[in-house]
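Enquirer: Sharing a structure below in structure tokens format, with a few things to ask.
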Amino acid sequence: MSVAVKRKRLSSGLTVSQKVFVRSRNGNASKIVREHYLRDDIPCSSKVCEHCAPYYIAGPSGEVPHAILSESPLVMKDIGQHYVVIDTNIVLNAIDILENDKVFYDVIVPQTVLNEVRNQSYPIYMRLRNLTKNEDKRFIVFHNEFKSSTFLQRKKGESINDFNDRLIRQTAKFYNEHLKESGIKTLLITGDKANKILAENEKILSFTVHEYIENLPNSEELKDMLPSTESFDRTINEIKYPEYYSSARLMGGIKNGSLYQGVISISSYNFLEGSVSVPSMPKPLLILGRENLNRAFNGDQVVVELLPTSKWKKPSTEIIDEETINKDQIGDDDDTEIIISDKERKLLAQEAIKAQGNQNEDEKVMPTGRVVGIIKRSWRLYVGQLSPNSVRKDEIESNAAKNVFVILMDRSLPKIRIRTRRAKELIGKRIVVAIDSWNSNSKFPSGHFVRTLGEIEDKDAEQEALLLEHDVEYRPFSKNVLACLPKEGHDWKVPENLNNGDPLLKKRRDLRDRLICSIDPPGCVDIDDALHARKLPNGNYEVGVHIADVTHFVKAGTPLDQEGASRGTSVYLVDKRIDMLPMLLGTDLCSLKPHVERFAFSVLWEMDEDANILSVDYTKSIIASREAFAYEEAQIRIDDHTKQDDLTQGMRILLKLSKKLKQKRLDAGALNLASPEVKVHTDSETSDPSEVEIKKLLDTNSLVEEFMLCANISVARKIYEAFPQVAMLRRHGEPPATNFEQLNDVLRIKKGLSISTESSKSLADSLDRCVDLKDPYFNTLIRIMATRCMMAAEYFAAGNFSYSDFRHYGLAVDIYTHFTSPIRRYCDVVAHRQLAAAIDYEPLHEVHMDKSKMDLVVKNINKRHRNAQFAGRASIEYYVGQVMKNNQSDQEGYVIKVFSNGIVVLVPKFGVESMIKLEILGDVNSSVFDEDNYSLTFVNKAGVKKTVSVFDKVDVSVESVLDDFTGKRKVQLYLKN
Numbered sequence: 001m002s003v004a005v006k007r008k009r010l011s012s013g014l015t016v017s018q019k020v021f022v023r024s025r026n027g028n029a030s031k032i033v034r035e036h037y038l039r040d041d042i043p044c045s046s047k048v049c050e051h052c053a054p055y056y057i058a059g060p061s062g063e064v065p066h067a068i069l070s071e072s073p074l075v076m077k078d079i080g081q082h083y084v085v086i087d088t089n090i091v092l093n094a095i096d097i098l099e100n101d102k103v104f105y106d107v108i109v110p111q112t113v114l115n116e117v118r119n120q121s122y123p124i125y126m127r128l129r130n131l132t133k134n135e136d137k138r139f140i141v142f143h144n145e146f147k148s149s150t151f152l153q154r155k156k157g158e159s160i161n162d163f164n165d166r167l168i169r170q171t172a173k174f175y176n177e178h179l180k181e182s183g184i185k186t187l188l189i190t191g192d193k194a195n196k197i198l199a200e201n202e203k204i205l206s207f208t209v210h211e212y213i214e215n216l217p218n219s220e221e222l223k224d225m226l227p228s229t230e231s232f233d234r235t236i237n238e239i240k241y242p243e244y245y246s247s248a249r250l251m252g253g254i255k256n257g258s259l260y261q262g263v264i265s266i267s268s269y270n271f272l273e274g275s276v277s278v279p280s281m282p283k284p285l286l287i288l289g290r291e292n293l294n295r296a297f298n299g300d301q302v303v304v305e306l307l308p309t310s311k312w313k314k315p316s317t318e319i320i321d322e323e324t325i326n327k328d329q330i331g332d333d334d335d336t337e338i339i340i341s342d343k344e345r346k347l348l349a350q351e352a353i354k355a356q357g358n359q360n361e362d363e364k365v366m367p368t369g370r371v372v373g374i375i376k377r378s379w380r381l382y383v384g385q386l387s388p389n390s391v392r393k394d395e396i397e398s399n400a401a402k403n404v405f406v407i408l409m410d411r412s413l414p415k416i417r418i419r420t421r422r423a424k425e426l427i428g429k430r431i432v433v434a435i436d437s438w439n440s441n442s443k444f445p446s447g448h449f450v451r452t453l454g455e456i457e458d459k460d461a462e463q464e465a466l467l468l469e470h471d472v473e474y475r476p477f478s479k480n481v482l483a484c485l486p487k488e489g490h491d492w493k494v495p496e497n498l499n500n501g502d503p504l505l506k507k508r509r510d511l512r513d514r515l516i517c518s519i520d521p522p523g524c525v526d527i528d529d530a531l532h533a534r535k536l537p538n539g540n541y542e543v544g545v546h547i548a549d550v551t552h553f554v555k556a557g558t559p560l561d562q563e564g565a566s567r568g569t570s571v572y573l574v575d576k577r578i579d580m581l582p583m584l585l586g587t588d589l590c591s592l593k594p595h596v597e598r599f600a601f602s603v604l605w606e607m608d609e610d611a612n613i614l615s616v617d618y619t620k621s622i623i624a625s626r627e628a629f630a631y632e633e634a635q636i637r638i639d640d641h642t643k644q645d646d647l648t649q650g651m652r653i654l655l656k657l658s659k660k661l662k663q664k665r666l667d668a669g670a671l672n673l674a675s676p677e678v679k680v681h682t683d684s685e686t687s688d689p690s691e692v693e694i695k696k697l698l699d700t701n702s703l704v705e706e707f708m709l710c711a712n713i714s715v716a717r718k719i720y721e722a723f724p725q726v727a728m729l730r731r732h733g734e735p736p737a738t739n740f741e742q743l744n745d746v747l748r749i750k751k752g753l754s755i756s757t758e759s760s761k762s763l764a765d766s767l768d769r770c771v772d773l774k775d776p777y778f779n780t781l782i783r784i785m786a787t788r789c790m791m792a793a794e795y796f797a798a799g800n801f802s803y804s805d806f807r808h809y810g811l812a813v814d815i816y817t818h819f820t821s822p823i824r825r826y827c828d829v830v831a832h833r834q835l836a837a838a839i840d841y842e843p844l845h846e847v848h849m850d851k852s853k854m855d856l857v858v859k860n861i862n863k864r865h866r867n868a869q870f871a872g873r874a875s876i877e878y879y880v881g882q883v884m885k886n887n888q889s890d891q892e893g894y895v896i897k898v899f900s901n902g903i904v905v906l907v908p909k910f911g912v913e914s915m916i917k918l919e920i921l922g923d924v925n926s927s928v929f930d931e932d933n934y935s936l937t938f939v940n941k942a943g944v945k946k947t948v949s950v951f952d953k954v955d956v957s958v959e960s961v962l963d964d965f966t967g968k969r970k971v972q973l974y975l976k977n
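No gaps in the numbering here: position 460 of the sequence shown is 460 in full-length UniProt numbering, and each next residue is one more.
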């Protein structure tokens, strides 16, 4: 392949740079021309520059955007007023300090940097984009690769990194020359030593981020926020982790099948045990010990090599956390490094698959491996507290920088070493830290302080910590986002004249005559679905599901849409809701409130007496809901035979048909699983928690669920038919039988029962048979435990899977999506747009036609959906702890796990589970663990010998305690005598 580069000036004033490729394949030569247009009219965005004023482009309303680099930027000693150009390393390693409101204003982000950051870390890219939208910080994106005076050609043999560094230096040169008369200098802040030397050789003022902060006034408190330095790491020599394999070796091993790639999951009971699921193996690979984990964090995308079969082991039967290690120095006995060849690795891989396919003598033995490379880190901001043991009393009084440890709230994660001058101030505080590196000579990762949330146990600090721990975006919506809302605000109404010339309004079907109502949890204000049913003259029924028409207000590609796509979902906590979209939409304009006309997207079916669907229609509509019922209110109305009005009769039709729809699903093999569902009641004025109760499920809960499922299935079929490559769908994979091995083993031993996994139908039937006539809760318990053996459901773009893999195992349907909650889920927003295009209401925006962009969308919303679930559970756990803070309650619990040094008990009343370690149960030295029978025998505190096994019903005392290690309040259970 040969390349020629040409530049020519066009009559329009644009310059075009052409790259001409001559490619030869199979003897046929083809010429490829790529054009890169350059222009002179890209503004510098500085208020001091008069030269660029004519280059600003007016917005859609005729307004001319203001240049945002200030005429009075920050002053630095010996330099004076200055702007800052940042390179990619600074963004990737010091994004926290860039976001700080005391430093880094008037910052120029070259387009080159923006592109590099996006390729290397999408979360940091999104944080950088948010900075460019912050009018106070004044970060501007400068399109250096399209401006004639800053564009450069790549030199022959020049690496892409060196070329990008040269482009960034050229941007700094341009600004210094361009603004020479203003007296404002432009500095280059770089994290690359070689780039700094080259910049200085080219007479560009250049600093590292540490040097820059050092030269600013009042910089002392900012120094703790700086990323840890190499010299800091070099002083540490605690351990010698194996070095990671080179990129070439990793890629080659994955390609030839001698190495495996996957996401590592660290056990919540043993922080020195991880597992990696790989498609070619029935069982996950087990990673045991500190050296084999080799600095992997929970959620990292890793590369693993298989260990010899002689090293295969059972999962740990011991509860081990870092606190235990610190106290007893146990559980940290790593295997010595094992050197094996690529050929041996291939043989091991084949042996592993063969061995797993056969019946082992001990089915609990799993193949083991070790981490040999990290493809992608899962690092984020973490919340914790300063370890009191890492700071001596004499050091607290000193303000000198010192190394200290931060213990994270998540016990499955290691401590983080930071360097701080503020140890005295930070003791007893809930703090946020970031990780910078984890070198092979350090037992723990190194990071830096980001900010303080408040005192440990302060309600606001703990709630913010919960949101940060689960990566939930909770900051207020920006001005750019709010500017997309209707100017009429709360006064917006459906237009009175439907023939006002708006072609889309004319396409809407007027359904205001239908007797529509909504049925939701008590106090629901973001009502995104409503229903109706009526009998037709032919004896069949018209049934309608009406969904809030969010996409009428949220247009694709706008800042409002981008924010919704980034947040992915609303997050529901005990006492608050973190909205995906601004409240004006969620609780007002899009909410299907009663006695108010609203735009909706409706799915209308004709059904017969047996709930068979005879036809389906989709339409944008105008509706007027008659009532907003809570589940219990709707149930009371349906059951009240004195109510014979048409609205109530319609609800009774819905209930009758919903029962038939549910029975059909169950007959097809749909699973009726369970999870501990509780509701925490809070004081209406103080929001303090008062009591916990188990949620009651009524027939009306099922009524709504069935028709929402029906709508989602119908819409999935329609959008897949129209957009077979990019349709937004949701799948639930069939779980491998190995996931149920342990549950089946304990069921067989303890109850003489078993679960069949041949199909969802056989699984559903076998779950129905798992009953204990003496204990009605036993079946629910088994369903909860079976749920944990399932695969996670996921969103996907249709083109990524074959149709047979679309199947939703839990619902027993061949195709499924989410359409019914667009106020709180971004998947539903995309499905609405695709359905609107499928019925020729309006064309589909290009962002949802691009498969690569859709892949990014589904990846993000899968992550956000998962995080929202975890945050919701953590909120309940936190509030249950608060309820029990000054109380003690005796409850029934069920043993769901048994370890050699403790048990795990689920308390249905509170929907929480907790470990009871052996030292709390009784005498540690007298205990006997029977692994084969899932039981633990010990002498309790009263001197009585006791044996507990999985499935045992036990009486426990429930209390709330402060975990001294993490500073986190938790529910602690004590086994009663």
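Backbone N, C-alpha and C fix where the C-beta goes; we use that ideal spot for every residue, glycine too.
Bear in mind the structure is a predicted one, so any value in this text is a computation, not a measurement.
(1) So, for ASP471: in the same chain, excluding its five sequence neighbours on each side, which residues have a beta-carbon less than 6 Å away from its beta-carbon?
(2) Assuming ALA812 contacts ALA668 (C-beta within less than 8 Å), just tell me the rounded distance between them.
(3) Distance, Cα to Cα, ALA423 vs ALA401?
(4) Is it true that the CB of GLY373 sits closer than 8 Å to the CB of TYR244?
(5) Check whether the Cβ atoms of ILE903 and VAL912 sit closer than 8 Å, and answer yes or no.
(6) Provide the residue span of the beta strand (DSSP E) that contains VAL276, from first to last.
(7) Note down, one range per segment and in chain order, each alpha helix (DSSP H) of at least 4 residues found wholly within the region 894-956.
(8) Straight-line CA distance for HIS808 to LEU856?
(9) ARG430 and GLN463 look like a contact to me (Cβ under 8 Å); what is the Cβ gap, rounded to whole Å?
(10) Does the Cβ of THR53 have 16 or more other Cβ atoms within 10 Å, making it buried, or fewer, making it exposed?
(11) May I ask you to report which of helix, strand or coil DSSP gives GLU705?
(12) Taking contact to mean at least 3 C-beta pairs separated by less than 8 Å, is the region 547-555 in contact with the region 595-612?
(13) How would you label ALA797, buried or exposed, when you count the other beta carbons within 10 angstroms and need 16 or more for buried?
(14) Since VAL494 and ARG598 should fall inside the 8 Å C-beta cutoff, what is the C-beta to C-beta distance between them, to a whole number of angstroms?
(15) So, at 8 Å on beta carbons, what are the nonlocal neighbours of ALA556 in its own chain, with the 5 sequence-adjacent residues on each side left out?
(16) Can you tell me whether LEU504 is helix, strand or coil according to DSSP?
(17) Can you pull the DSSP bridge partners for residue 978?
(18) What residues are listed by DSSP as bridge partners for ASP520?
(19) Can you tell me where the beta strand (DSSP E) with LEU453 in it begins and where it stops?
(20) Taking 8 Å as the threshold, find out whether the region 125-140 comes into contact with the region 87-100 through three or more Cβ pairs.
(21) Once the 5 residues before and after GLY922 are set aside, which same chain residues still bring their CB inside 7 Å of it?
(22) Name the DSSP bridge partner or partners of ASP772?
(23) Out of PHE801, LEU426, VAL958, ASN886, which has the shortest C-alpha to C-alpha gap to HIS732?
(24) Tell me the residue span of the beta strand (DSSP E) that contains GLY369.
(25) Is it true that the CB of ILE42 sits closer than 8 Å to the CB of TYR55?
(26) Below 8 Å CB to CB, which residues in the same chain sit around SER702 once its five sequence neighbours on both sides are set aside?
(27) Based on the DSSP output, what are the partners of HIS641 in its beta bridges?
(28) Under 8 Å by Cβ, that's how I've got GLU322 and PRO414 pegged, so tell me the actual separation to the nearest angstrom.
(29) Return the Cβ separation of VAL406 and SER875 in integer angstroms, given the expectation that the two are a contact with Cβ distance under 8 Å.
(30) Cβ of ASP165 within 8 Å of Cβ of ASP192?
(31) Taking 8 Å as the cut-off, does the region 958-975 touch the region 878-894 (at least 3 CB pairs, one atom from each stretch)?
(32) Does the beta-carbon of LEU788 have 16 or more other beta-carbons within 10 angstroms, so that it is buried, or is it exposed?
(33) Any idea if ALA296 is buried or exposed, counting beta-carbon neighbours within 10 angstroms, 16 or more meaning buried?
(34) Go ahead and pull the three-state DSSP assignment for SER437.
(35) Under the three-state reduction of DSSP, which class applies to ASN215: helix, strand or coil?
(36) Given this structure, state the Cα-to-Cα distance separating TYR795 from ARG249, to the nearest angstrom.
Expert: In short, the structure shows the following:
(1) ARG380, ASN867
(2) The Cβ separation is near 4 Å, so the contact holds.
(3) 9 Å
(4) yes
(5) no
(6) 273-276
(7) 918-921
(8) 22 Å
(9) Actually they are not in contact, since the Cβ atoms of ARG430 and GLN463 sit about 10 Å apart, beyond 8 Å.
(10) First, the amino acid is wrong: residue 53 is Ala here, not Thr. By the neighbour-count rule (16 or more Cβ atoms within 10 Å), ALA53 is not buried but exposed.
(11) helix
(12) yes
(13) Counting Cβ neighbours within 10 Å, ALA797 comes out buried, since at least 16 surround it.
(14) 7 Å
(15) ARG833, HIS845, VAL847, HIS848
(16) helix
(17) Residue 978 is absent from the model: the chain starts at 1 and stops at 977.
(18) Beta-bridge pairing links ASP520 to ALA630.
(19) 446-455
(20) Segments in contact, yes.
(21) PHE938, VAL939, ASN940, LYS941
(22) ASP775
(23) PHE801
(24) 369-376
(25) Cβ atoms of TYR55 and ILE42: closer than 8 Å.
(26) Setting aside the 5 residues that flank it on each side, SER702 is surrounded in the same chain by SER658, LYS659, LYS662, each with a C-beta closer than 8 Å to its C-beta; the list follows chain order.
(27) DSSP lists no partner for HIS641.
(28) 7 Å
(29) Actually they do not touch by this definition, with Cβ atoms about 23 Å apart.
(30) yes
(31) yes
(32) Sequence check: residue 788 is Arg here, not Leu. Exposed, because fewer than 16 other Cβ atoms sit within 10 Å of the Cβ of ARG788.
(33) buried
(34) Reduced to three states, the DSSP call for SER437 is strand.
(35) It is coil, neither helix nor strand.
(36) 33 Å
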